[in-house]
Amino acid sequence: MSNVRLATTTTAAAEAGQRFRVLVLLALVVLFDQTTKRWAWQHVDGSIINRGSDWLAGPRIGDWYADPSTGALLDLAGLGLLITAYVVLVRRRRPTMILVSAALVIGGWGSNQLDRVGLHSWTAPGSVRGAIDFIAVSHYRYNLADIVITVATLVLGASLSYRSGTAIYRRLRMRREMSVQPRTVTGSMSRGAASRNATGLLR
(Lines of atoms letter the chains of each structure in order from A and count residues from 1; the text may use other names and numbers.)
(Lines give C-alpha, C1' and ligand atoms only; values in the text may rest on other atoms or scores of the structure.)
Protein backbone atom coordinates (compact mmCIF):
# COMPACT_ATOMS: atom_id res chain seq x y z
CA MET A 1 0.00 0.00 0.00
CA SER A 2 2.84 2.39 0.86
CA ASN A 3 4.45 1.75 -2.53
CA VAL A 4 1.19 2.62 -4.29
CA ARG A 5 0.87 5.83 -2.30
CA LEU A 6 4.47 6.74 -3.04
CA ALA A 7 3.98 6.13 -6.76
CA THR A 8 0.77 8.20 -6.75
CA THR A 9 2.49 11.04 -4.90
CA THR A 10 5.45 10.95 -7.29
CA THR A 11 3.17 11.02 -10.34
CA ALA A 12 1.14 13.91 -8.93
CA ALA A 13 4.31 15.87 -8.20
CA ALA A 14 5.63 15.24 -11.71
CA GLU A 15 2.36 16.37 -13.28
CA ALA A 16 2.31 19.50 -11.11
CA GLY A 17 5.88 20.28 -12.17
CA GLN A 18 4.90 19.79 -15.80
CA ARG A 19 1.98 22.21 -15.47
CA PHE A 20 4.26 24.78 -13.86
CA ARG A 21 6.84 24.50 -16.65
CA VAL A 22 4.16 24.90 -19.30
CA LEU A 23 2.76 27.99 -17.57
CA VAL A 24 6.25 29.49 -17.37
CA LEU A 25 6.79 28.90 -21.10
CA LEU A 26 3.42 30.44 -21.92
CA ALA A 27 4.17 33.49 -19.79
CA LEU A 28 7.63 33.95 -21.34
CA VAL A 29 6.29 33.76 -24.90
CA VAL A 30 3.53 36.27 -24.17
CA LEU A 31 5.91 38.60 -22.31
CA PHE A 32 8.58 38.68 -25.02
CA ASP A 33 6.06 38.88 -27.84
CA GLN A 34 4.06 41.72 -26.31
CA THR A 35 7.22 43.63 -25.39
CA THR A 36 8.60 43.42 -28.93
CA LYS A 37 5.22 44.46 -30.35
CA ARG A 38 5.06 47.53 -28.14
CA TRP A 39 8.64 48.45 -29.06
CA ALA A 40 8.02 47.89 -32.78
CA TRP A 41 4.85 49.99 -32.79
CA GLN A 42 6.86 52.91 -31.46
CA HIS A 43 10.13 52.47 -33.36
CA VAL A 44 9.76 50.27 -36.47
CA ASP A 45 8.50 51.90 -39.66
CA GLY A 46 6.00 49.80 -41.55
CA SER A 47 4.47 48.13 -38.50
CA ILE A 48 0.86 47.21 -39.18
CA ILE A 49 -2.19 45.99 -37.29
CA ASN A 50 -3.27 42.54 -38.42
CA ARG A 51 -6.98 42.22 -37.69
CA GLY A 52 -7.01 38.51 -38.48
CA SER A 53 -6.46 38.18 -42.23
CA ASP A 54 -3.37 36.62 -43.75
CA TRP A 55 -2.47 34.34 -46.64
CA LEU A 56 -3.47 31.31 -44.57
CA ALA A 57 -6.88 32.54 -43.49
CA GLY A 58 -7.87 34.26 -46.69
CA PRO A 59 -9.79 37.52 -47.22
CA ARG A 60 -13.23 36.19 -46.26
CA ILE A 61 -12.13 34.92 -42.85
CA GLY A 62 -10.16 38.14 -42.49
CA ASP A 63 -13.39 40.10 -42.97
CA TRP A 64 -15.06 37.99 -40.28
CA TYR A 65 -12.24 38.81 -37.86
CA ALA A 66 -12.37 42.50 -38.75
CA ASP A 67 -16.11 42.71 -38.09
CA PRO A 68 -16.78 43.75 -34.46
CA SER A 69 -19.49 41.11 -33.91
CA THR A 70 -18.14 38.03 -35.70
CA GLY A 71 -14.59 39.00 -34.79
CA ALA A 72 -15.41 39.02 -31.08
CA LEU A 73 -17.07 35.61 -31.35
CA LEU A 74 -14.11 34.16 -33.24
CA ASP A 75 -11.71 35.61 -30.67
CA LEU A 76 -13.63 34.04 -27.79
CA ALA A 77 -13.79 30.73 -29.65
CA GLY A 78 -10.05 30.93 -30.24
CA LEU A 79 -9.38 31.47 -26.55
CA GLY A 80 -11.59 28.51 -25.74
CA LEU A 81 -9.64 26.29 -28.13
CA LEU A 82 -6.34 27.44 -26.63
CA ILE A 83 -7.52 26.68 -23.10
CA THR A 84 -8.70 23.26 -24.26
CA ALA A 85 -5.32 22.62 -25.90
CA TYR A 86 -3.55 23.54 -22.66
CA VAL A 87 -5.75 21.19 -20.60
CA VAL A 88 -5.17 18.32 -23.05
CA LEU A 89 -1.43 18.97 -23.04
CA VAL A 90 -0.96 18.90 -19.26
CA ARG A 91 -3.53 16.24 -18.35
CA ARG A 92 -0.80 13.58 -18.51
CA ARG A 93 2.98 13.46 -18.68
CA ARG A 94 4.52 14.18 -22.07
CA PRO A 95 8.00 13.76 -23.55
CA THR A 96 10.03 16.92 -23.09
CA MET A 97 10.31 17.83 -26.77
CA ILE A 98 6.58 17.43 -27.37
CA LEU A 99 5.73 19.30 -24.17
CA VAL A 100 7.98 22.28 -24.93
CA SER A 101 7.10 22.63 -28.61
CA ALA A 102 3.35 22.31 -27.97
CA ALA A 103 3.55 24.86 -25.16
CA LEU A 104 5.36 27.29 -27.46
CA VAL A 105 2.68 26.87 -30.13
CA ILE A 106 -0.06 27.55 -27.59
CA GLY A 107 1.86 30.51 -26.19
CA GLY A 108 2.35 32.07 -29.62
CA TRP A 109 -1.27 31.66 -30.63
CA GLY A 110 -2.37 32.86 -27.21
CA SER A 111 -0.31 36.04 -27.43
CA ASN A 112 -1.76 36.93 -30.83
CA GLN A 113 -5.22 36.12 -29.51
CA LEU A 114 -4.73 38.40 -26.51
CA ASP A 115 -4.01 41.27 -28.90
CA ARG A 116 -7.44 40.82 -30.41
CA VAL A 117 -9.32 40.69 -27.11
CA GLY A 118 -7.89 43.93 -25.74
CA LEU A 119 -4.16 43.72 -25.04
CA HIS A 120 -3.46 45.76 -28.19
CA SER A 121 -4.46 48.84 -26.19
CA TRP A 122 -1.18 48.45 -24.30
CA THR A 123 1.08 47.37 -27.16
CA ALA A 124 -0.38 49.81 -29.69
CA PRO A 125 -2.35 52.55 -27.89
CA GLY A 126 -5.02 54.13 -30.07
CA SER A 127 -4.96 51.39 -32.71
CA VAL A 128 -7.77 49.15 -33.88
CA ARG A 129 -8.19 45.64 -32.51
CA GLY A 130 -5.54 43.26 -33.83
CA ALA A 131 -1.99 41.98 -33.58
CA ILE A 132 1.06 44.06 -34.48
CA ASP A 133 3.12 42.70 -37.37
CA PHE A 134 6.51 44.30 -37.98
CA ILE A 135 8.94 41.65 -39.28
CA ALA A 136 9.00 42.01 -43.07
CA VAL A 137 9.19 38.81 -45.13
CA SER A 138 8.57 39.44 -48.82
CA HIS A 139 5.23 41.27 -49.05
CA TYR A 140 4.01 40.15 -45.65
CA ARG A 141 4.56 41.23 -42.05
CA TYR A 142 4.91 38.94 -39.06
CA ASN A 143 5.70 39.16 -35.36
CA LEU A 144 7.68 37.17 -32.81
CA ALA A 145 4.69 34.99 -31.93
CA ASP A 146 4.31 34.00 -35.59
CA ILE A 147 7.94 32.89 -35.73
CA VAL A 148 7.60 30.93 -32.49
CA ILE A 149 4.45 29.24 -33.81
CA THR A 150 6.11 28.28 -37.10
CA VAL A 151 9.32 26.87 -35.61
CA ALA A 152 7.58 25.11 -32.71
CA THR A 153 5.01 23.55 -35.05
CA LEU A 154 7.79 22.09 -37.19
CA VAL A 155 9.54 20.70 -34.12
CA LEU A 156 6.27 19.32 -32.76
CA GLY A 157 5.45 17.64 -36.06
CA ALA A 158 8.92 16.11 -36.28
CA SER A 159 8.73 14.86 -32.68
CA LEU A 160 5.32 13.28 -33.18
CA SER A 161 6.42 11.68 -36.44
CA TYR A 162 9.54 10.26 -34.80
CA ARG A 163 7.56 8.79 -31.91
CA SER A 164 4.96 7.33 -34.26
CA GLY A 165 7.64 5.82 -36.48
CA THR A 166 9.45 4.36 -33.49
CA ALA A 167 6.23 2.85 -32.12
CA ILE A 168 5.38 1.29 -35.49
CA TYR A 169 8.90 -0.14 -35.81
CA ARG A 170 8.69 -1.68 -32.34
CA ARG A 171 5.33 -3.28 -33.07
CA LEU A 172 6.57 -4.73 -36.35
CA ARG A 173 9.70 -6.04 -34.67
CA MET A 174 7.65 -7.62 -31.89
CA ARG A 175 5.36 -9.31 -34.40
CA ARG A 176 8.35 -10.62 -36.30
CA GLU A 177 9.91 -12.04 -33.17
CA MET A 178 6.62 -13.66 -32.17
CA SER A 179 6.23 -15.23 -35.62
CA VAL A 180 9.80 -16.57 -35.62
CA GLN A 181 9.60 -18.07 -32.13
CA PRO A 182 6.87 -20.70 -32.89
CA ARG A 183 8.77 -21.81 -35.97
CA THR A 184 11.89 -22.31 -33.88
CA VAL A 185 9.97 -24.34 -31.30
CA THR A 186 8.29 -26.42 -34.01
CA GLY A 187 11.64 -27.04 -35.68
CA SER A 188 13.17 -28.19 -32.41
CA MET A 189 10.27 -30.55 -31.77
CA SER A 190 10.57 -32.00 -35.28
CA ARG A 191 14.29 -32.59 -34.86
CA GLY A 192 13.65 -34.25 -31.50
CA ALA A 193 11.02 -36.55 -32.98
CA ALA A 194 13.34 -37.47 -35.86
CA SER A 195 16.11 -38.34 -33.43
CA ARG A 196 13.81 -40.58 -31.42
CA ASN A 197 12.63 -42.35 -34.58
CA ALA A 198 16.19 -42.93 -35.70
CA THR A 199 17.09 -44.32 -32.30
CA GLY A 200 14.13 -46.67 -32.44
CA LEU A 201 15.18 -48.01 -35.83
CA LEU A 202 18.70 -48.70 -34.62
CA ARG A 203 17.33 -50.71 -31.74
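Residue numbering for the sequence shown follows full-length UniProt numbering, beginning at 1 and increasing consecutively.
Yeah, the Cβ is synthetic: ideal placement off N, Cα and C, and Gly gets one too.
Check, Outcome
"How close, in whole Å, do the beta carbons of R141 and G130 come, if the pair is a contact with beta carbons under 8 angstroms?", "So it is not a contact: roughly 12 angstroms between Cβ atoms."
"Looking only at its own chain, which residues have a Cβ that is under 8 angstroms from the Cβ of L99, when we skip the five neighbours before and after it?", "Q18, R21, V22, L89"
"Output the boundary residues of the alpha helix (DSSP H) element that contains N112.", "96 to 114"
"Quick one: grab the DSSP three-state call for V137.", "strand"
"By alpha-carbon positions, which one of R93, I83, L154 ends up nearest to L26?", "I83"
"Note down, in chain order, each residue of its chain lying with its Cβ closer than 8 angstroms to the Cβ of W122, except the 5 sequence neighbours on either side.", "Q34, R38"
"Between E177 and R163, what straight-line distance do the alpha-carbon atoms span, to the nearest angstrom?", "21 angstroms"
"Could you tell me whether the Cβ atoms of G78 and W109 are closer together than 9 angstroms?", "yes"
"Is it true that the CB of S111 sits closer than 9 angstroms to the CB of S29?", "Note on residue identity: the sequence assigns Val, not Ser, to residue 29. Cβ atoms of V29 and S111: closer than 9 angstroms."
"Just to confirm, are I135 and I147 a CB contact at a threshold of 9 angstroms?", "yes"
"Can you check DSSP and say which residues form a bridge with N143?", "Paired residue(s): none; N143 is not in a bridge."
"For A14, which residues from the same chain have a beta carbon less than 8 angstroms from its beta carbon, with the 5 sequence-adjacent residues on both sides left out?", "R93"
"Just tell me which of L31, G46, P125, A16 has its CA closest to the CA of S138.", "G46"
"Assuming L144 and F32 make a contact with CB atoms under 8 angstroms, what is their CB distance in whole Å?", "6 angstroms"
"Between R171 and the rest of its own chain, which residues show a CB-CB distance below 7 angstroms, the 5 nearest in sequence each way excluded?", "none"
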